[in-house]
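The next block holds one structure in the form of structure tokens; read it before the comments.
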Amino acid sequence: MKILNLYAGIGGNRKLWGDEHEITAVENVPGIAKIYHGFFPNDKVIITDAHKYLLEHYKEFDFIWSSPPCPTHSVCNHFLNAQGVIRYPDMNLWQEIIFLKHFCKCKWVVENVRGYYDPLIKPYESGRHYFWSNFYINNKKLKSNFNIANMRASTRLTPEENLRSLELFHKIDLSEFEINDKRKLLRNCVHPELGLHVFKCAFKEIQQILTKSEVKLNKAIPKSRDKLPKI
Ligand SMILES: C[S@@+](CC[C@H](N)C(=O)[O-])C[C@H]1O[C@@H](n2cnc3c(N)ncnc32)[C@H](O)[C@@H]1O
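Our numbering puts the first residue of the sequence shown at -19, with every later residue one more than the last.
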């Protein structure tokens, strides 16, 4: 299956998708793209603008995941505004959702964090995330779904302890990489289990239809099944 992973970051969402797929990741910060490539050497990593890439290549994939930047949408804007950070929400998020909803034939999902305003289009919600997609996503409760943003303040961890907790939470080890603000990179991640959950939701329906028809026809597994992810 051909997968497009936009705004790839260090690949939290992608971590548990396995290696049997042909995955193209798009990230515009070279240092972050390098870490992604270190974790997923078989993925094609492109350093460019994901928003533009989507428009030019959306027809080439079977599954598209997009995680546009969340800073201008997140609830933090309440207090940031009071601190003098005065800005508009970035409409690229809504452009992608509307575009994909109307023109994309493959399975797609756009992820963001819960916002400070009522969403313009109703999302699915799971943990601290919003998801817009053309398939049903149920709310997955992660075993250790604590509030990452408040973690340091509430537990009085040192920055190093906080980094280690985030690494343990995501099961992502950044110790061998030289890059500033590793905590931010990890806070940006979709938890791998949630990334896998959404991925499974996208293809559950097809699996169920195939399984039913196989039972009915008592036939060998159809060829098209080969293309499906193992879930
Ligand atoms: C929220 S993070 C993505 C997290 C990722 N989905 C994960 O689960 O690990 C967004 C990423 O998009 C990158 N980014 C921001 N604007 C971009 C753009 N226009 N094109 C490509 N990447 C961009 C940022 O550097 C950041 O790494």
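Note that CB positions come from ideal geometry on N, CA and C, so glycine has one too.
Indicate the three-state DSSP secondary structure (helix, strand or coil) for Phe183 in the structure shown. If you number the sequence shown from 1, residue 183 lands on position 203. Three-state DSSP puts Phe183 in a helix.
Pocket of ligand 1 defined by Cβ to heavy atom distance under 5 Å: Tyr(-13), Gly(-11), Gly(-8), Asn(-7), Glu7, Asn8, Val9, Ile12, Asp29, Ala30, Ser47, Pro49, Asn168, Cys169, Val170
Please report the residue range of the beta strand (DSSP E) in which Trp88 lies. Residue mapping note: residue 88 aligns to position 108 of the sequence shown, counting from 1. It spans 87 to 93 - the beta strand (DSSP E) in which Trp88 sits, taken as one unbroken run.
Please classify Ala(-12): does DSSP put it in a helix, a strand, or coil? Here residue -12 refers to the residue found at position 8 of the sequence shown. Reduced to three states, the DSSP call for Ala(-12) is coil.
Under the three-state reduction of DSSP, which class applies to Tyr68: helix, strand or coil? For this step, residue 68 is matched to residue 88 along the sequence shown. Of the three classes helix, strand and coil, the one that applies to Tyr68 here is coil, per DSSP.
Check whether the Cβ atoms of Tyr116 and Leu80 sit closer than 9 Å, and answer yes or no. Walking along the sequence shown from the start, residue 116 turns up at place 136. Walking along the sequence shown from the start, residue 80 turns up at place 100. Going by C-beta atoms, Tyr116 is not nearer than 9 Å to Leu80.
Does any heavy atom of ligand 3 sit closer than 8 Å to the C-beta of Asp161? Only ligand 1 can be found as ligands here, which leaves ligand 3 out of the picture.
Exposure label - Leu143; buried when at least 16 CB within 10 Å: For the purposes of this step, residue 143 is taken as the residue at position 163 of the sequence shown. Per the 10 Å Cβ criterion, buried.
Do three or more CB pairs link the region -18 to -8 to the region 27 to 47 at distances below 8 Å? yes
Between Gly175 and Gly(-2), is the Cβ-Cβ spacing less than 9 Å? Residue 175 sits at position 195 when you count from the first residue of the sequence shown. Residue -2 sits at position 18 when you count from the first residue of the sequence shown. For Gly175 and Gly(-2), no; Cβs fall outside 9 Å.
For the region 59 to 79 and the region 99 to 118, state whether three or more C-beta atom pairs, one from each stretch, are separated by less than 8 Å. yes
Rounded to whole angstroms, what is the Cα-Cα separation between Ala62 and Asp70? As a working note, residue 62 is residue 82 in the sequence shown. As a working note, residue 70 is residue 90 in the sequence shown. The alpha-carbon atoms of Ala62 and Asp70 are separated by roughly 19 Å.
Helix, strand or coil for Trp74, going by three-state DSSP, please let me know. In the sequence shown, residue 74 corresponds to position 94, counting from 1. Trp74: helix per DSSP, three-state reduction.
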